[in-house]
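Reminder that position 73 of the sequence shown reads as 82 in my numbering, one-by-one numbering, no gaps. Even for Gly, the Cβ is constructed at its ideal location relative to N, Cα and C. Please read all numbers here as calculations on a predicted model, not as lab measurements.
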Amino acid sequence: MTKVEFKKAFDIGYQEMIFTANNDETFIRIKNNYSVPSSKVSSTIIHINGKLFEENRYWIFFTELVEVDSDISTDVQIELDKFEIDTENFEEEEFIQHLIEEITEKLKENNVNTVLKEIEVL
């Protein structure tokens, strides 16, 4: 598959993705753009919807999610680190794991006060 053919297929399935976290209480929308010349995907968090949580830790092992805000619906522009793709051997699970790790890290860096538990793609 050529890079141009891959871009067409990628745009159909991955151009916009929604992730859910916190037992479907928090939704995060990501926009992805595959660059043909570089074979890299640039991703941006563009919207956060739902509830925001913080984590309270009790003792050593016990944690509890505490709702700090509800009914959040905000547009954001938070850039994630780029991901290089081998068009001949695209690893979807690796790509999604990269996005999950980046979402978690970048939300912390950008002071979006929410804890993400069991984040997954819809």
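Rounded separation between residue i and residue j - CA only
i      : j     : result
Leu61  : Glu93 : 31 Å
Glu101 : Phe71 : 33 Å
Gln86  : Ile57 : 10 Å
Ala30  : Phe36 : 6 Å
Asp90  : Asp80 : 28 Å
Span of the alpha helix (DSSP H) around residue i
i      : result
Asp20  : Lys12 to Tyr23
Phe104 : Glu101 to Glu118
Counted within 10 angstroms of its Cβ, other Cβ atoms place residue i as buried (16 or more) or exposed
i     : result
Val50 : buried
Glu76 : exposed
Ile54 : buried
Gly59 : buried
Close beta carbons around residue i, own chain, < 8 Å, minus the five adjacent residues each side
i     : result
Ile27 : Phe36, Ile37, Arg38, Ile39, Val130 and Leu131
Asp20 : Tyr43
Every unbroken beta strand (DSSP E) inside the segment 40–85 [3 residues or more]: DSSP runs (the beta strand (DSSP E)) wholly in the segment 40–85: 49–67.
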